[in-house]
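Offset between the sequence shown (1-based) and our numbering: plus 44.
Every residue gets a Cβ at the ideal spot worked out from N, C-alpha and C, and that includes glycine.
These numbers were taken from a predicted model, which means no experiment stands behind them.
Below you'll find the structure, written out as structure tokens, and then a few comments.
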Amino acid sequence: MPDPEPLLINLTRCVIEVLSGARELDQLARWVSDDVYRHLLKRVVLSNRARAVKGLRAQRPTISIGRVTITEPRDGVVEAVVIVHSKVRVRAVALRLEGLDNRWRASAINVL
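Next up, the structure:
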């Protein structure tokens, strides 16, 4: 399996952009399981409603990726936490990747 860290960083950045409305969720479909896709879709709908109520536009967030902690509980599975710094707050994104056909696929993503 390839090194998971670049995918973890890019997937985290993309998830934050999707939730902020700056990126389409469909762009992540190939990298996430169906359950993760549905979960993110619910979060996107809620984020869009919240922005509409406040009268805000979707903007690309200015973020920087902090520490990436990776564990491998068993062969072919990676669990990680990626710290994301923005102007307003620091968030943690928890991800679980599972190996499938010699590539990683996210089976869980939670933005905390």
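In the DSSP assignment, Asn92 falls within the unbroken alpha helix (DSSP H) covering Asp78 to Lys98.
A straight-line Cα-Cα distance of about 26 Å links Pro48 and Lys86. Distances from the alpha-carbon of Glu142 to those of Gln71, Ala152 and Ala136 put Ala152 closest.
The beta-carbon separation of Ala150 and Val62, rounded to 13 Å, does not stay under the 8 Å limit for a contact.
Listed as beta-bridge partners of Leu139 by DSSP are Ala124 and Ile153. Annotation for Glu68: no beta strand (DSSP E) segment contains it, and DSSP assigns it neither H nor E.
The alpha-carbon of Val112 is positioned some 19 Å away from that of Arg118. With respect to the 8 Å criterion, Val97 and Leu69 are not classified as neighbours on the basis of their beta carbons. When Thr106, Leu144 and Val128 are compared, the shortest CA-CA separation from Ala138 is found for Val128. If you draw a straight line from the Cα of Cys58 to the Cα of Arg74, it comes to about 13 Å.
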